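Single-structure report; data block below.
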Amino acid sequence: LDAPLFADVAGDAAVSFEFFPPKTEKMDGTLWESIATLSPLAPRFVSVTYGAGGTTRERTHATVARIARETGIPVAAHLTCVEATCDEIDAVANDYWNAGVRHIVALRGDPPTVGAKFESPKGGYANAAALVAGLRKLHPFEISVAAYPECHPDSSDATADIDNLKRKIDAGATRAITQFFFEPETFFRFRDAAAAAGISAEIVPGIMPVMSFAAVQKMSAMCGTDVPAWMARLFEGLDDHPAARQLVAATVAAELCRKLYAGGERAFHFYTLNRAELSYAICHLLGLRPQAVAERQAA
Ligand code: FAD
Numbered sequence: 008l009d010a011p012l013f014a015d016v017a018g019d020a021a022v023s024f025e026f027f028p029p030k031t032e033k034m035d036g037t038l039w040e041s042i043a044t045l046s047p048l049a050p051r052f053v054s055v056t057y058g059a060g061g062t063t064r065e066r067t068h069a070t071v072a073r074i075a076r077e078t079g080i081p082v083a084a085h086l087t088c089v090e091a092t093c094d095e096i097d098a099v100a101n102d103y104w105n106a107g108v109r110h111i112v113a114l115r116g117d118p119p120t121v122g123a124k125f126e127s128p129k130g131g132y133a134n135a136a137a138l139v140a141g142l143r144k145l146h147p148f149e150i151s152v153a154a155y156p157e158c159h160p161d162s163s164d165a166t167a168d169i170d171n172l173k174r175k176i177d178a179g180a181t182r183a184i185t186q187f188f189f190e191p192e193t194f195f196r197f198r199d200a201a202a203a204a205g206i207s208a209e210i211v212p213g214i215m216p217v218m219s220f221a222a223v224q225k226m227s228a229m230c231g232t233d234v235p236a237w238m239a240r241l242f243e244g245l246d247d248h249p250a251a252r253q254l255v256a257a258t259v260a261a262e263l264c265r266k267l268y269a270g271g272e273r274a275f276h277f278y279t280l281n282r283a284e285l286s287y288a289i290c291h292l293l294g295l296r297p298q299a300v301a302e303r304q305a306a
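Below is the structure:
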């Protein structure tokens, strides 16, 4: 308790930021302002999501291509197996390769109808592990996959879920990025279980700063993330106080990162929802500074 706040962080964290492809001109403006704010922190990569059912195929591609062209930040394109044949997915992956994109976040995806069960399309990839194997055959992509510290809702149990992650890594994925979670112990337990199962690939904690508590509760219910009671108490009464809510959100997420850092984690993936401020503040508390990052890169 006597230690100065965040005195134990050394500014040596590697961060990545996730964005979604904007739908409107206004959202496009917000995204690019956020990229401009976050890029001086020299993320090791940024990634762009792929809408359910491939609904954002063109927009994802356009956003990825523009980030690659205009920022020089390594960019990863998310790709899913939903409602497309292997040939169609391979064609999208080939387009990425030809556009200079070398990193794919390979996912099974979810059906476009919320709550519907995933069915592998005829001639399609059955799951993310099959997609990883397919991508590996096409090009030497760097491949990230998803991991679930609180178990994927389709999993029979935690062991089956870890086995599934191992299949994805064994098929050729380089790293796993986790679903968001709110208790550091949740991540540490999962990290230990993955190591015990022989998974040595990097597992990067996915951090979701709370922009709207109601939205986080809704997303958490869908993906099986536990929202602790203490969080509900912290965000209580803040719906109409956006500035106060943002301060609380930064505190909560930074504290999670600080504990993960103390537990040995040096990489963090931020679900930015295309807004920079919270992620920037948390990175700042983790000791990242634009200049220091630039010097480290030049060294
Ligand atoms: P998989 O790893 O294939 O499997 C999910 C579950 O299915 C497994 O846990 C397992 O229970 C079961 N399963 C799979 N194969 C088998 C098998 N052979 N035998 C038995 N059970 C099996 N969704 C999007 O639509 N677009 C995105 O851009 C996107 N980005 C994401 C990024 C991250 C970092 C994360 C964590 C999730 C993302 N998602 C995205 C959500 C993801 O698509 C869903 O969670 C989806 O339901 C599962 O995808 P997966 O790649 O984890 O699937």
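Counting from 1, position 31 in the sequence shown corresponds to residue 38 in the UniProt record's numbering; the numbering is continuous, with no gaps. Just so you know, even glycine gets a beta-carbon here, dropped at the ideal spot from N, CA and C. Being a predicted model, the structure only gives us computed values, none of them experimental.
Contact under 9 Å by Cβ, residue i with residue j
{"i": "P28", "j": "T78", "result": "no"}
{"i": "F220", "j": "L245", "result": "yes"}
{"i": "N171", "j": "A136", "result": "yes"}
{"i": "L48", "j": "D97", "result": "no"}
{"i": "R265", "j": "D19", "result": "no"}
{"i": "P156", "j": "F125", "result": "no"}
{"i": "T232", "j": "F187", "result": "yes"}
{"i": "A83", "j": "I111", "result": "yes"}
{"i": "A153", "j": "I184", "result": "yes"}
{"i": "A288", "j": "A306", "result": "no"}
{"i": "P216", "j": "A256", "result": "yes"}
{"i": "residue 336", "j": "F197", "result": "What is shown of the chain runs 8 to 306, which leaves residue 336 out entirely."}
{"i": "T70", "j": "G58", "result": "no"}
{"i": "L142", "j": "G179", "result": "yes"}
{"i": "P81", "j": "V53", "result": "yes"}
{"i": "G130", "j": "C88", "result": "no"}
{"i": "L86", "j": "A100", "result": "yes"}
Span of the beta strand (DSSP E) around residue i
{"i": "E243", "result": "Counting along the chain, E243 falls outside any beta strand (DSSP E), and DSSP gives it neither H nor E."}
Host alpha helix (DSSP H) of residue i (start-end)
{"i": "R143", "result": "135-145"}
{"i": "R182", "result": "From DSSP, R182 is part of no alpha helix (DSSP H) but of the beta strand (DSSP E) over 182-187."}
{"i": "Y278", "result": "Element bounds for Y278: not the alpha helix (DSSP H) but the beta strand (DSSP E), 274-278."}
{"i": "T78", "result": "64-78"}
{"i": "C93", "result": "93-105"}
{"i": "E284", "result": "284-292"}
{"i": "E32", "result": "32-45"}
{"i": "A165", "result": "165-177"}
Beta-bridge partners of residue i, as assigned by DSSP
{"i": "E149", "result": "H110"}
{"i": "T87", "result": "L114"}
{"i": "E25", "result": "S54, Y278"}
{"i": "A154", "result": "T185"}
{"i": "V82", "result": "V53"}
Distance cut 5 Å, beta-carbon to ligand 1 heavy atom: residue list by chain order: Listed along the chain, these residues meet the criterion: T56, Y57, A59, H85, T87, L114, R115, G116, D117, N134, A135, A153, H159, D161, S162, D168, N171, I184, Q186.
Contiguous alpha helix (DSSP H) assignments of at least 4 residues, all confined to the stretch 182-223: 191-203
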